[in-house]
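Shown next, in structure tokens, is the structure this report addresses.
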Amino acid sequence: MSDPEFHDVVIAGGGMTGASLARALAGSGLRVAVIEPFPPGDPGQPGFDDRALALAFGTARILNNLGCWSRLRDEVNPITSIHVSEQGHFGFTRLHADNEGVEALGYVVPARALGQALLRDIRGLDGVEWLSPARLQRFDTFRTHVALTLEHDGKARRINTALLVGADGGRSIIRERLNIPTRRTDYAQHAVVCNVQTRQPHHNIAYERFTDAGPMAMLPMTGQRSALVWSVRDDRLDELLNQSDRDFTATAERHFGQRLGRFEQAGKRSAHPLEMLRAETSTAPRVVLIGNAAHTLHPIAGQGFNLGIRDVAVLAEVLGDATRQGIDPGGEQPRGRYANWRQRDQRWVARATDSLVQIFGNPLAPIRAARGFGLTALDNLPTAKHLLARGAMGLAGHLPRLAREEPAHD
Ligand SMILES: Cc1cc2nc3c(=O)[nH]c(=O)nc-3n(C[C@H](O)[C@H](O)[C@H](O)COP(=O)(O)OP(=O)(O)OC[C@H]3O[C@@H](n4cnc5c(N)ncnc54)[C@H](O)[C@@H]3O)c2cc1C
16 MSDPEFHDVV IAGGGMTGAS LARALAGSGL RVAVIEPFPP GDPGQPGFDD
66 RALALAFGTA RILNNLGCWS RLRDEVNPIT SIHVSEQGHF GFTRLHADNE
116 GVEALGYVVP ARALGQALLR DIRGLDGVEW LSPARLQRFD TFRTHVALTL
166 EHDGKARRIN TALLVGADGG RSIIRERLNI PTRRTDYAQH AVVCNVQTRQ
216 PHHNIAYERF TDAGPMAMLP MTGQRSALVW SVRDDRLDEL LNQSDRDFTA
266 TAERHFGQRL GRFEQAGKRS AHPLEMLRAE TSTAPRVVLI GNAAHTLHPI
316 AGQGFNLGIR DVAVLAEVLG DATRQGIDPG GEQPRGRYAN WRQRDQRWVA
366 RATDSLVQIF GNPLAPIRAA RGFGLTALDN LPTAKHLLAR GAMGLAGHLP
416 RLAREEPAHD
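In terms of this note's numbering, the sequence shown opens at residue 16 and continues consecutively.
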């Protein structure tokens with residue numbers, strides 16, 4: 016049998032983070048392969064469904080550098096303010112793009128449109144081989160390479176690589192086969208997601224409202240719609256999914272309040288189980304985990320992909336630098352540099368997201384009172400608000416070149 020073909024980098028998973036990394040590495044001089052069960056454009060790929068995503072300002076910069084942003088133009092709605100409040104309490108806080116000197120704090124885009132923009136010309140990218148339908152089945156790590164076995168188009172195929180990147184999502188088989196320990200919190204919640212037509216215009220404001228039935232985000236979309244992401248306890252899920260459209264819009268409106276006027280119409284509802292999962296390490300010999308494979312977050316702060324694309328931008332930079340210096344891309348130096356660089360951001364965002372879920376999910380009266388006070392106090396603390404805004408915009412800490420609108424490699 017002939018020797019298996021060799022790639023410098025193999026990315027297992029062509030979802031949002033895997034596809035972004037493929038784009039970021041195109042033209043770097045590295046020979047890259049992506050393994051993905053769903054062919055580009057397949058409507059069944061779960062990551063690219065009808066959900067709306069809030070993309071941070073920094074994420075938009077990275078996508079612009081990857082050549083995708085202009086393709087999203089007709090689908091993108093800016094977020095110029097974020098308004099945070101709690102049902103039944105006066106306290107609220109607001110963040111404004113003007114105060115941060117930017118045109119938007121972030122943007123809302125349907126996941127399906129983002130998928131189309133990322134995957135459109137993916138098969139023609141310089142140095143990137145896109146293998147699908149293909150699935151990674153097993154791998155063995157050696158001192159000099161990783162040997163992979165995949166099923167590609169119904170046939171077994173073997174390839175070797177210097178570096179295996181696990182972008183295979185929250186149920187990552189790479190993470191599991193390596194027995195990388197994880198911290199997992201099952202929130203016993205689902206996100207109920209749908210688009211809502213409201214009587215009043217959203218004025219590009221994103222609302223985060225903490226209600227007694229769970230946190231609700233209303234994200235401003237094109238066509239005067241808002242995307243509702245409502246995280247509800249599992250014991251309320253069936254009731255909300257089984258309600259008629261009319262009853263559901265009335266229930267959602269009652270919890271959200273009157274800031275957008277009447278909820279006139281709601282689109283198809285979908286439900287997503289919610290958990291937090293963090294791999295204790297995102298690297299192992301000749302392996303790096305990125306995106307949901309390394310950290311799966313509650314959507315309360317809309318940070319999951321925003322964090323994952325920063326993994327991508329840093330990894331692309333580290334690998335690009337290693338290539339220029341003639342360093343083995345799967346060796347210890349690039350992996351160590353990646354892990355050090357990403358650790359702080361990953362830990363901080365995961366902890367902040369989990370704290371929000373815990374604090375705003377607590378029904379005790381003193382905690383509720385403290386929350387209201389906290390929101391009002393925050394609204395009067397410009398420096399704290401500025402730091403919060405920079406974090407939410409994905410502009411905190413040591414930024415990779417792609418997030419500073421510079422190419423990841425020459
Ligand atoms: C309700 C909800 C709302 C959200 N809202 C936001 C938001 O507003 N902003 C935000 O930034 N994030 C948000 N997120 C998070 C965001 O959706 C995820 O962070 C993102 O989808 C993760 O992408 P990924 O590519 O890492 O993983 P996935 O999307 O899970 O992709 C993994 C890929 O790997 C492939 N795969 C699996 N197994 C194998 C295998 N053995 N071999 C090869 N390939 C394999 C799969 O087919 C898939 O394409 C939200 C999430 C939810 C649930």
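Glycine included, C-beta positions come from ideal geometry on N, C-alpha and C.
Practice task
Please state if the CB of Val327 and the CB of Tyr353 are separated by a distance shorter than 8 Å.
Solution key: no
Problem - Closest by C-alpha distance to Gly169, when choosing among Val180, Leu81, Arg150, Ser187 - result: Checking every option, the nearest Cα to that of Gly169 belongs to Arg150.
Problem - Rounded C-alpha distance that separates Ile94 from Val143 - result: 34 Å
Problem - Bounding residues of the beta strand (DSSP E) (the contiguous stretch that carries Ala69) - result: 67-71
Problem - Under the three-state DSSP convention, the category Arg109 falls into - result: strand
Problem - Cβ pair Gly185, Thr311 closer than 8 Å - result: Cβ atoms of Gly185 and Thr311: closer than 8 Å.
Practice task
Give every residue of the same chain whose Cβ lies closer than 6 Å to the Cβ of Ala232, excluding the five residues on either side of it in the sequence, and list them in chain order.
Solution key: Glu223, Val244
Handout entry: Phe290, enclosing beta strand (DSSP E) - first and last residue
Key = Residue 290 is actually Glu in this sequence, not Phe. From DSSP, the beta strand (DSSP E) with Glu290 extends over 285-294.
Handout entry: Coil, strand or helix - Gly185 by DSSP
Key = coil
Practice task
Please go through the region 112-196 and give each complete alpha helix (DSSP H) segment of 4 or more residues, from N-terminal end onward.
Solution key: 112-115, 126-134, 188-192
Practice task
With Val91 as the anchor, note down where its alpha helix (DSSP H) starts and where it stops.
Solution key: In this chain, Val91 is not harboured by any alpha helix (DSSP H), its DSSP state being neither H nor E.
Problem - Beta carbon of Gly412 nearer than 8 Å to that of Thr32 - result: No, the pair does not count as a contact, with Cβ atoms beyond the cut-off.
Handout entry: Heavy atom of ligand 1 within 7 Å of Val143 beta-carbon
Key = no
Practice task
Note the first and the last residue of the continuous alpha helix (DSSP H) segment covering Ala331.
Solution key: That run of the alpha helix (DSSP H) goes 319-339.
Practice task
Could you check what DSSP says for Ser100 in three-state terms: helix, strand or coil?
Solution key: strand
Exercise for the section: Leaving out five residues on either side along the sequence, give the residues of the same chain with a beta carbon under 6 Å from the beta carbon of Pro52. Expected result: Pro148, Arg150
Practice task
Would you kindly check if the distance between the Cβ of Ala316 and the Cβ of Leu304 is under 8 Å?
Solution key: No. Outside cutoff.
Exercise for the section: Using only the heavy atoms of ligand 1, determine whether one of them is closer than 7 Å to the beta carbon of Leu78. Expected result: no
Problem - C-beta neighbour in chain C for Val47, strict 8 Å - result: Checking the listed chains, one finds no chain C in this structure; it contains a single protein chain.
Exercise for the section: Check whether the Cβ atoms of Asn92 and Tyr122 lie closer than 8 Å to each other. Expected result: yes
Problem - Terminal residues of the alpha helix (DSSP H) in which Phe263 lies - result: 260-271
Handout entry: Cα-Cα separation, Pro55 to Gly272
Key = 40 Å
Exercise for the section: Verify whether the separation of the beta carbon atoms of Arg158 and Thr164 is less than 8 Å. Expected result: no
Problem - Phe63 classed as buried or exposed, judged by whether at least 16 other C-beta atoms fall within 10 angstroms - result: Buried: at least 16 other Cβ atoms inside 10 Å.
Practice task
Tell me whether Asn219 sits in a helix, a strand or coil according to DSSP, three-state version.
Solution key: coil
Handout entry: C-alpha gap between Val333 and Leu110, whole angstroms
Key = 33 Å
Exercise for the section: For the region 188-197 and the region 281-288, state whether three or more C-beta atom pairs, one from each stretch, are separated by less than 8 Å. Expected result: no
Handout entry: First and last residue of the uninterrupted alpha helix (DSSP H) at Gly33
Key = 31-40
Practice task
Compute the distance between the beta-carbons of Leu289 and His270, then report whether it is under 8 Å.
Solution key: no
Problem - Distance cut-off 7 Å: Val161 Cβ against heavy atoms of ligand 1 - result: no
Handout entry: Within 8 Å, strictly: CB atoms of Arg86 and Ala132
Key = yes
Practice task
Out of Ile188, Pro230, Gln212, His218, state which residue places its alpha-carbon closest to the alpha-carbon of His205.
Solution key: The candidate whose alpha carbon is nearest that of His205 is Pro230.
Exercise for the section: Tell me, to the nearest whole angstrom, how far the beta carbon of Ala331 is from that of Pro349; I am working on the premise that it is less than 8 Å. Expected result: Not a contact, Cβ separation roughly 11 Å.
Exercise for the section: Starting from the Cα of Ala435, find the closest Cα among Met291, Val124, Arg240 and give me that residue. Expected result: Nothing about residue 435 can be reported from this structure: the residues present for the chain run from 16 to 425 only.
Handout entry: Beta-carbon separation (whole angstroms), Arg277 vs Thr213, contact threshold 8 Å
Key = 7 Å
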